[in-house]
Every structure is written in structure tokens, then in C-alpha cells.
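> Chains as they are written, first to last, in the numbering used here: chain A, 1 to 305; chain B, 1001 to 1310.
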Amino acid sequence: MKRWLYNPVLASSLKTRMRGWRTAAAVTAYLGVMLFIAYIFFKISFENEIMHSLSVSANHSVGLRVYMLLAVLQFVLVLLVTPAQTAGVISSEREMQTLDLLLCTKMSPLSIIIGKLLSSLAFILLLVISSIPLFSLVFLFGGIAPEDVAMLFLFYIITAFAVGSIGVFYSALFKRTVVSTVVSYVTIFFLGIVSVVLGVYMMAVHYSQVPRPNDYYVPFILYINPAVGLSDLLSRQAGVTATGVSVGIWGLIFGVSSGLGVQQGWFQKLPLWVGNCAVMSVIAALLICASAWIIRPYKRLRRKS
Amino acid sequence: MLVIRDLVKKYGNFIAVDHLNMEVERGQIFGFIGPNGAGKTTTMRIIATLLAPTSGQVLVDGIDVFKDPIKARGKIGYMPDFFGVYDNLKVMEYLDFYGSAYGIEYRQRRKIAQDLLELVDLSDKRDAYVDTLSRGMKQRLCLARCLMHNPDLLILDEPASGMDPRARAEIKGILKELKRMGKTILISSHILPEIAEICDSVGIIDRGKLVIQGSVEHIMQRMTGRTAVRIKVLRDVDRAVSLLKEQPMVTSVIEEDQELEVICRGSDEDLWQLLRILVNNDVPVISFRKMEGNLEQIFMEVTSDEEVAL
Ligand SMILES: Nc1ncnc2c1ncn2[C@@H]1O[C@H](COP(=O)(O)OP(=O)(O)OP(=O)(O)O)[C@@H](O)[C@H]1O
Ligand SMILES: [Mg+2]
């Protein structure tokens, strides 16, 4: 088990990347900026609240809004930084002429890809995880429960994996890092835009044909878009958590997966963000396997003697 | 140790390796010689499990590399013709990384890496960043790298290219040491004399085909079946040339001022016949000198299109 978990590529890169002051400086700078933004936002909000209504319960909503702001900012950071970190992992090995050396070791192409993905995600995951205390500050104001933060961070990690696997896939596919980076950003950008445009169009068509108010229809295409997932997650947290029952979402997941699984359209009964995470995980897994297939020396199936 | 059977590699319609058959015995240094584009790198990449052959078989210590690449990799140390190094690793970490990629335990790795650095004379560089090493040092480090998992067979693709004579001599010394340790080594080059000295046998490859294979002496003998003669005449060069070209044992005649370079088949007896014909026909021969064969000239002859060279 331990041997299986040990990935030489990951181990080596963690050792060397955490060396020196750069990573520490990046984390510090990131937290500083986020803290500063939160502070400014708090200040402005409180001044407004005090001027308009003197209610103390306003604390809740201010806390919630800061949480949302930080959540969205961090999401954008994940989307922006991950492609740059991952889109060169294989192509740069090719450019450096080190890929062959790696491929002729006993590491399998799949473990090379996974090691490369994990080590290139290490930086962004470090940024994200180091911001947990910052998000926890919001607890002071109420309105957000620890499990909300946990779910949000789970969502970040899955998003980073999905976006990262797109980068890794292109870096395996294209010879040059520049091409792979550009194509990664373009892909993510278009997936975001196209899925929303198409999704909204499909919803419009659906509701114009079947005018039923109780019908909850989300086109599948929206499930590939983490921005949709995030907005679903955050709006659920804003709505549900005020009464302190965000655990209810988990109940729903369990209820659906154990009891209602056979029912038609079970997938759509999942909370949108959970479905989104599932779809992203599947995409990530497929892209990782595809990347491993691309770099493996023997493309064809093994021949018989 | 290494057996190649009917190996074919095609890139589209282009045949890079054409029904290659060869065999390298355990403990030998085998020189794989051919001009640019002959198919040396292609063959070596196939042996190193980095490239699938179109057809044919490669056995390393009885293991079919195509059927069981993971097992074969444990027996093969491959040094490519061009390779890079990671810019953020130190020498010791570099070896440690590849050691771990070959599944060697941490404690063992450090010990092996230290021994290998000793072998390639880089012990004093163990804490230097890999990308600060000179080219020759990188080459030696890469050699140490492919020895980390103690392979039986080393595939070295032009390990001495772009190095100065001293660095080459160092590599040769290391290779001799490795041979003493019982390693089998396949080493490629396009300059035969450079490695002839350390090779037990050589194979000459041209346009994907193995032209000749055998011990250096064997090739010398077969090649010296063809002899080069330099003939100087006082006058009547043209008549001499046409006369020579009529002879069945003469394969080519090159004219240089008053001097002719003649390549012919046959024994010394035949050479005497040749001289007699010239003299009997009143060609004013003033010098008739048999050239001693030289590996590079042989190689040129073996690999060139027309039989003009020498
Ligand atoms: N990926 C490829 N696609 C198409 N043709 C290739 C490819 N790789 C090699 N070739 C061709 O195969 C032939 C053999 O190439 P190879 O690199 O094996 O030669 P070589 O003997 O190593 O030459 P050199 O001394 O220059 O290193 C060349 O003609 C080359 O153009
Ligand atoms: Mg080559």
C-alpha cells in the first residue's frame, strides 16, 4: 500500500519546489492580498450598515458576503493559476529532453502523469489550503458553518484537478509548452462560455415546450461548468445555512445515492454542485488516462507471439 | 545477452530499420557504427522500450522487450544521444530521483549513487546543481544515472559526441571499467576509429541494414580482401586508367594528377599480375604502393553508394 502511494516524481518535485523562499513568499503575498480585500470589504460594509440600520444581526449578512467574495476570488485564482502550472508538465519534459529518461524507468506512464499532475497542483493546493484560516475568520461573524467551508474547499480541490488535468492533457498532446498553455486557457474559457450559452438556450427551449412550474430542469451541459457549480454551492450555503442545517445537503446526497438511485433522472436530483463535481471528476479521470496513453511508448495493444 | 531478430521499423513508407539481425554476447562491448540517419538511434530506442518496432523481436537476457517492457527495463540502462537535465536538482538528488523511479530503496540509493559518482569521477560535484555542470560532466552523470539500477546491458547512443579528446578518453576509461564489472555495452558512433579500440566487435549499419558484423579483426580481414594501391606513372595516365579498368579484379580507379588510386579484389599475387600487365603494356610505372587498410576507410567503402571511396 505504501509503495503504491509513493510516487517518485511527486516526492522529488515536492522536495525541490518547497526549497527556497519563493513558495513561502507567494503564500504570504496571497494571504496578505486576500486579507486586505476582506478588510476593505468589511470596513465599507460596516460603515454602510451602521449608517442605514443599526441592527446587530447585520453581522451575519456581512460575514456571508465577505465569505462569498473570498470564495469567488479564490475560485478565479484557481481557474487562472492552474492552467499555467499544469500546461507545461509533459511538454517541458519533452523540451528538456528528459521525458525518455523517465519513460524508460520502471514508472508506468499513468504514475508519471499522476505524479506530474499532483506536483504541479501542489502549489495551487498549498495556496488554497493556507487560506483556510482566512475563511475561518468568517465564523466569527456567524452565518457560515465549518462544513460549508469544508464543502467549498472540496469543490476547489476537484476544480483544480479538473482544470489541471486539461492542462496536463494538452501538455502531453502538444510538443510545445506555449501552445499547450494557450490552448488550455482558450479551452477553459470557451467551455465556460459555451456551456452557459448552450445551457441557457436549452433551458429556454425546454420551458417554452413544457410549461410546468414544478419541473426542475438543468441541461447536462451546465454540469461541466465549475462556475455554475460554485454559484449553486454558494447560493445553497447562503440560503440553507442561515438556519444551520447545511448538513441537509449531505442527507440529500446519501438519500439519493442509497434509496432513489434507480429512479429515472436521479442524477438531476443531486445538488447541482455535487453533480458538477462528479462530472468534473470523470472528465479529470478520462483526461489523465488519455494523457498516459499519449505518452506511453507502445501505442498498440500487445501482440500475440 | 542481446539478440535482435528481423527487426523492422517503418515511419510511414520510410524504412528506418530494415530486417536487422544481430547478437551481442554477454560482457562484450559492441560498436554500432553508421553514418547519420543510418538507424542507430531508432534501433537503440526500440531496445530501450521507447519505440515499438513494426515487426521483429528484441531479446535482452532472454526477455522480449516488446512483450515484457517493465522487466526488460530493469536490465537495460539507456543513455540517449540528446538528453537534458532538470534545472532544480542537485547531482545527488538527480541520481536519487532516477533511483527511486527504478524502485530502489532510499538507503540503497544513497550508497549506489555515491559509488557511481566515484566511478564517473564526480564525487566533488555531489552538491552542485545539475545544470551548472559542463557538458562532459553531464554526460558522465547521465552514464551514472543509467547505472543506478545495476543493469546488465548498457545502450549508449553516441556517448562521446561533442566532447574533447580528454573527455572522450575519460569515457573510454569508464567503459573499460564497466566491462571489467561484467556489463554488456552497445555503443553507437559514426566515427569507427574512435571506438574500434575499445570494442570487441562492431556492426556497421547503413540505411537500416546491417552491412557487416563481427570482431574488429574479422571485419579488417574481410575488408582487406579489397586492397588499395597507389600507382604513379611518368606519362600516359589515360592509357593506364583504361588499361586498369579493363582488368576484372579492379573495382575502381581514381585519378589524382599523375597518381592513381586503384581498388582491387584479390591477393598479393593478383597485385603482381596487375603490375605486370602495366609494365608489359609499356606504361611507365615509377611507383606502385599497396595501402594498408584503415577502419575508417573500410567503413567509408562499406557505406558508400559507388565503390569509389578509399
Ligand atoms: N519520428 C520519426 N519520423 C519519421 N522518420 C524518422 C523518425 N525518427 C527517425 N526517422 C528517420 O529514420 C532514419 C534513421 O534515424 P536515426 O535517428 O535512427 O539515425 P541515426 O543512425 O541515429 O543517425 P545519427 O548518426 O544522425 O544519430 C532517419 O532517416 C530519420 O529521418
Ligand atoms: Mg542517432
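We put the beta carbon where it would ideally sit given N, CA and C, even for glycine.
1. Name, going along the chain, the residues of the stretch 1098 to 1132 of chain B whose beta-carbon falls closer than 8 Å to a beta-carbon of chain A.
2. Could you give the residue range of the alpha helix (DSSP H) that holds residue 1317 of chain B?
3. At the level of alpha carbons, what is the spacing between residue 1123 of chain B and residue 1114 of chain B?
4. In this structure, how does DSSP classify residue 1251 of chain B when only helix, strand and coil are distinguished?
5. DSSP three-state label for residue 97 of chain A, please.
6. Does the distance from the C-beta atom of residue 184 of chain A to that of residue 83 of chain A stay below 8 Å?
7. Against residue 1070 of chain B, what residues of chain A qualify as contacts under a CB-to-CB distance less than 9 Å, listed in chain order?
8. Counting only Cβ pairs nearer than 7 Å, list the residues of chain B close to residue 180 of chain A.
9. Quick check on residue 190 of chain A: buried or exposed, where buried means 16 or more other Cβ atoms within 10 Å of its Cβ?
10. Is the Cβ of residue 1050 of chain B closer than 8 Å to any Cβ of chain A?
11. Closer than 7 Å from C-beta to any heavy atom of ligand 2: which residues, in chain order?
12. Please classify residue 278 of chain A: does DSSP put it in a helix, a strand, or coil?
13. Counting pairs of Cβ atoms below 8 Å between the stretch 1054 to 1074 of chain B and the stretch 1128 to 1135 of chain B, do you hit three or more?
14. Does residue 25 of chain A have its Cβ less than 8 Å from a Cβ in chain B?
15. What number of angstroms, rounded off, separates the C-alpha of residue 125 of chain A from the C-alpha of residue 20 of chain A?
16. With a threshold of 7 Å, establish whether the CB of residue 1014 of chain B neighbours any heavy atom of ligand 1.
17. Let me know if residue 1272 of chain B comes out buried or exposed under the rule of 16 or more other beta-carbons within 10 Å of its beta-carbon.
18. Is residue 1093 of chain B close to chain A? Criterion is C-beta to C-beta, closer than 8 Å.
19. Can residue 1002 of chain B and residue 1033 of chain B be called in contact, C-beta distance under 8 Å?
20. Let me confirm a value: residue 951 of chain B is counted as buried when at least 16 other C-beta atoms fall within 10 Å, else exposed. Which label applies?
21. Taking 7 Å as the cut-off, does the CB of residue 1052 of chain B come closer than this to any heavy atom belonging to ligand 1?
22. Could you compute how far the alpha carbon of residue 99 of chain A sits from the alpha carbon of residue 127 of chain A?
23. Under 8 Å, Cβ to Cβ, is there at least one residue of chain B near residue 85 of chain A?
24. At least one CB of chain B closer than 8 Å to the CB of residue 18 of chain A: is that the case?
25. Roughly how many whole angstroms lie between the Cα atoms of residue 135 of chain A and residue 283 of chain A?
26. Out of curiosity, what's the CA-to-CA distance linking residue 34 of chain A and residue 85 of chain A?
27. Identify the contact partners of residue 82 of chain A in chain B, using a Cβ-Cβ distance below 8 Å as the criterion.
28. So, using beta-carbon positions, are residue 102 of chain A and residue 1072 of chain B closer together than 8 Å?
29. List, in chain order, every chain A residue whose beta-carbon is nearer than 7 Å to that of residue 1089 of chain B.
30. Against chain B, does residue 12 of chain A count as a neighbour if the rule is that its beta carbon must be under 8 Å from one of theirs?
31. Determine the direct distance from the alpha carbon of residue 1104 of chain B to that of residue 12 of chain A, and round the result to whole angstroms.
32. Is the stretch 36 to 49 of chain A touching the stretch 146 to 160 of chain A in the sense that three or more CB pairs, one from each, lie closer than 8 Å?
33. By DSSP, does residue 1280 of chain B sit in helix, in strand, or in coil?
34. Classify residue 1016 of chain B as helix, strand or coil using the three-state DSSP reduction.
35. Would residue 1184 of chain B be called buried (16 or more neighbouring beta carbons within 10 Å of its own) or exposed?
36. Answer yes or no: do residue 1202 of chain B and residue 1031 of chain B have a C-beta to C-beta separation smaller than 8 Å?
This is what the structure holds:
1. 1098, 1100, 1101, 1102, 1103
2. A query on residue 1317 of chain B cannot be resolved here, the shown segment of chain B reaching from 1001 to 1310 and no further.
3. In the second sequence, the residue the question calls residue 1123 of chain B occupies position 123. In the second sequence, the residue the question calls residue 1114 of chain B occupies position 114. When rounded, the distance between both Cα atoms is 7 Å.
4. Counted from its first residue, the second sequence places residue 1251 of chain B at position 251. Three-state DSSP puts residue 1251 of chain B in a strand.
5. Counting from one through the first sequence, the residue named residue 97 of chain A turns up at place 97. Residue 97 of chain A falls in the coil class under three-state DSSP.
6. Counting from 1 along the first sequence, the entry for residue 184 of chain A is found at position 184. Counting from 1 along the first sequence, the entry for residue 83 of chain A is found at position 83. Taking 8 Å as the Cβ cut-off, residue 184 of chain A and residue 83 of chain A qualify as a contacting pair.
7. Along the second sequence, read from residue 1 onward, the residue named residue 1070 of chain B stands at position 70. By Cβ distance, chain A contributes 106, 108.
8. On the first sequence, residue 180 of chain A is found 180 positions in, with the first residue counted as 1. What residue 180 of chain A touches in chain B: nothing, since even the nearest Cβ is about 18 Å away.
9. Mapped onto the first sequence, residue 190 of chain A falls at position 190. With fewer than 16 other Cβ atoms within 10 Å, it is exposed.
10. Taking the first residue of the second sequence as position 1, residue 1050 of chain B is located at position 50. Residue 1050 of chain B counts as touching chain A.
11. B:1040, B:1041, B:1081, B:1157, B:1158, B:1188
12. Within the first sequence, residue 278 of chain A is the residue found at index 278, counting from 1. In this structure, residue 278 of chain A counts as helix in the three-state DSSP scheme.
13. no
14. Within the first sequence, the letter at position 25 stands for residue 25 of chain A. False, the Cβ-Cβ gap to chain B never drops below 8 Å.
15. Position 125 of the first sequence, counted from the first residue, corresponds to residue 125 of chain A. Position 20 of the first sequence, counted from the first residue, corresponds to residue 20 of chain A. Between residue 125 of chain A and residue 20 of chain A, the C-alpha separation is close to 18 Å.
16. For this step, residue 1014 of chain B is matched to residue 14 along the second sequence. At least one heavy atom of ligand 1 is nearer than 7 Å to the Cβ of residue 1014 of chain B, so yes.
17. Taking the second sequence and counting its residues from 1, the one referred to as residue 1272 of chain B is at position 272. Residue 1272 of chain B is exposed by the Cβ-count criterion.
18. The count along the second sequence starts at 1 and reaches residue 1093 of chain B at position 93. Yes, contact with chain A.
19. The count along the second sequence starts at 1 and reaches residue 1002 of chain B at position 2. The count along the second sequence starts at 1 and reaches residue 1033 of chain B at position 33. The answer is no: Cβ separation not under 8 Å.
20. Look at the range of chain B in this structure, 1001 to 1310, and you will see that residue 951 of chain B is not part of it.
21. As a position in the second sequence, residue 1052 of chain B is number 52, starting the count at 1. Residue 1052 of chain B Cβ: outside cutoff for every heavy atom of ligand 1.
22. Looking up residue 99 of chain A in the first sequence gives position 99. Looking up residue 127 of chain A in the first sequence gives position 127. Near 28 Å, if we compare the C-alpha coordinates of residue 127 of chain A and residue 99 of chain A.
23. As a first step, residue 85 of chain A must be located in the first sequence, where it is residue number 85. So, not an interface residue.
24. What you label residue 18 of chain A is simply residue 18 of the first sequence in a count that begins at 1. So, not an interface residue.
25. The residue you call residue 135 of chain A lines up with position 135 of the first sequence. The residue you call residue 283 of chain A lines up with position 283 of the first sequence. One C-alpha to the other measures close to 29 Å.
26. Residue numbering aside, residue 34 of chain A sits at position 34 when the first sequence is read from its first letter. Residue numbering aside, residue 85 of chain A sits at position 85 when the first sequence is read from its first letter. In a straight line, the C-alpha of residue 34 of chain A is about 21 Å away from that of residue 85 of chain A.
27. Your numbering for residue 82 of chain A matches position 82 in the first sequence. In chain order: nothing, as chain B lies at least about 20 Å away.
28. Within the first sequence, numbered from 1, the residue matching residue 102 of chain A stands at position 102. Within the second sequence, numbered from 1, the residue matching residue 1072 of chain B stands at position 72. Against a cut-off of 8 Å, the Cβ pair of residue 1072 of chain B and residue 102 of chain A comes out as no contact.
29. To locate residue 1089 of chain B, count along the second sequence from 1; it is residue 89. Going along chain A in sequence order, the residues near residue 1089 of chain B (Cβ under 7 Å) are 16.
30. Taking the first residue of the first sequence as position 1, residue 12 of chain A is located at position 12. Taking Cβ atoms only, chain B reaches closer than 8 Å to residue 12 of chain A, which makes this a yes.
31. Here the question's residue 12 of chain A lines up with position 12 in the first sequence. Here the question's residue 1104 of chain B lines up with position 104 in the second sequence. Approximately 14 Å between the Cα atoms of the pair.
32. no
33. Locating residue 1280 of chain B in the second sequence gives position 280, where the first residue counts as 1. In the structure shown, residue 1280 of chain B sits in a helix (DSSP, three-state: H, G or I).
34. In the second sequence, residue 1016 of chain B corresponds to position 16, counting from 1. Strand, per DSSP.
35. Taking the first residue of the second sequence as 1, we reach residue 1184 of chain B at position 184. Buried, since its Cβ has 16 or more Cβ neighbours within 10 Å.
36. Counted from its first residue, the second sequence places residue 1202 of chain B at position 202. Counted from its first residue, the second sequence places residue 1031 of chain B at position 31. Yes, these two residues count as a Cβ contact at 8 Å.
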